[in-house]
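**Student:** Quick one: the structure is below, questions incoming.
Residue numbers (mature numbering (1 follows the signal peptide of the UniProt record, and there is no 0)): -24 to -1, 1 to 293.
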């Protein structure tokens, strides 16, 4: 009897270690994401070029747990809509998803500022009350707009990392268990308080987080390719096992810009099997120039030929 159990135990052990290894080594994909709707520039989903050979996520910006008054204040998890609903309405969400089977739409929570530019603070009264309010209010918004996921983009905090961890972790867990959302992402950047909150969240609830939208455009202006690649490795270590998406801004933000070698860095990461996706902040800022970098980003992700060699179809002219 004892000898008959040994092969079974070996099989179970092998299966366990295989499961762990596959979870900690995310595979490459062709994911392109773009934030949209935060700046009131009348941008629509249909303005943005969509490559049918990538997975495309629009991220509505933002839903915020603040009042919509002239002097916004925290609401302890009661989320309100702050994006441009005139141009990014429920009917337009449904329309863009029906026209493009590769498109999903998410909503980002928090953001940097609200109203006249005052900071958005993560400020729960208690974990239980915040989670209850957030689940209820976000479920209504997500169902009304037929959304697929959420993105966590709080950048200022009143409270300790543990409260943030429990509020956000329980929120994602509840929404996923109830099948209200299919995926969740976080959007940290290289700042001490920001990283302490998000890394605490990652340590406990990272298994629930599908993508890390790391804000590489928050690094200094004039970032070089070699510096960018170093930053990527550092953040890959900070969010070990996660799908770290690379990014740039089409506004006046910093980081590595396309004209300074962003796509060269992407080709190198792709050749190493580390390019899990690209996201851009934001469609509002890209509209005036006609979205050239959106086209290039998606072509790079979609093309199996992109490598370190220059002048391939994914190379920007």
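Think of the CB as a built atom: it goes at the ideal place given N, C-alpha and C, for glycine as much as any other residue.
(1) In its own chain, which residues sit with a C-beta less than 8 Å from the C-beta of residue 145, not counting the 5 before and 5 after it?
(2) Which residues does DSSP pair with residue 189 in a beta bridge?
(3) Determine whether the beta carbon atoms of residue 38 and residue 186 lie at a separation below 8 Å.
(4) Taking residue 162 as the reference, which of 14, 219, 53 and 280 has the closest Cα?
(5) Mark residue 22 as exposed unless 16 or more other C-beta atoms lie within 10 angstroms of its C-beta, in which case mark it buried.
(6) Would you say residue 294 and residue 190 are within 8 Å of each other, going by their C-beta atoms?
(7) Could you give the first and the last residue of the continuous alpha helix (DSSP H) run that contains residue 81?
(8) In this structure, does DSSP put residue 178 in helix, strand or coil?
(9) Is any heavy atom of the ligand COA found at a distance shorter than 7 Å from the C-beta of residue 113?
(10) Would you say residue 260 and residue 82 are within 8 Å of each other, going by their C-beta atoms?
(11) Leaving out the 5 sequence neighbours to the left and right, which residues in its chain are closer than 7 Å to residue 26 when beta-carbon positions are compared?
(12) Tell me whether residue 196 sits in a helix, a strand or coil according to DSSP, three-state version.
(13) Could you spell out the range, first to last residue, of the beta strand (DSSP E) harbouring residue 269?
(14) Compare the Cα-Cα distances from residue 252 to each of 103, 234, 138 and 278 and report the closest residue.
(15) Start and end of the beta strand (DSSP E) containing residue 253?
(16) What residues match up with residue 231 in a beta bridge as DSSP calls it?
(17) For my contact list, residue 159 and residue 136 are in at a C-beta cut-off of 8 Å; report their separation, rounded to the angstrom.
(18) Just mark residue 70 as buried or exposed, buried being the case when its beta carbon has 16 or more other beta carbons within 10 Å.
(19) Does residue 379 pass the burial test, meaning 16 or more other C-beta atoms within 10 Å, or should it be called exposed?
(20) Just to confirm, is the Cβ distance from residue 96 to residue 53 under 8 Å?
(21) What is the residue span of the beta strand (DSSP E) that residue 40 lies within?
(22) For residue 132, which residues does DSSP report across the bridge?
(23) Since residue 240 is in the alpha helix (DSSP H), which residue starts that stretch and which ends it?
(24) Taking DSSP as the reference, what is the three-state secondary structure of residue 68?
(25) Check whether the Cβ atoms of residue 270 and residue 10 sit closer than 8 Å, and answer yes or no.
(26) Which first and last residues belong to the beta strand (DSSP E) in which residue 159 is found?
**Tutor:** Taking the structure as given:
(1) 177, 180, 181 and 184
(2) 221
(3) no
(4) 219
(5) exposed
(6) Because the chain is modelled from -24 through 293, residue 294 falls outside the range shown and cannot be assessed.
(7) Per DSSP, residue 81 belongs to no alpha helix (DSSP H); it is in the beta strand (DSSP E), 79 to 87.
(8) helix
(9) In the structure shown, the ligand COA is absent, as is every other ligand, since no ligand is present at all.
(10) no
(11) 32, 76 and 79
(12) coil
(13) Unbroken run through residue 269 is the alpha helix (DSSP H), 268 to 278; no beta strand (DSSP E).
(14) 278
(15) 253 to 257
(16) 197
(17) The pair is not a contact, with the Cβ atoms about 27 Å apart (cut-off 8 Å).
(18) exposed
(19) The chain is shown from -24 up to 293; residue 379 falls before or after that span and cannot be answered.
(20) no
(21) 31 to 40
(22) 97
(23) 238 to 247
(24) helix
(25) yes
(26) 159 to 162
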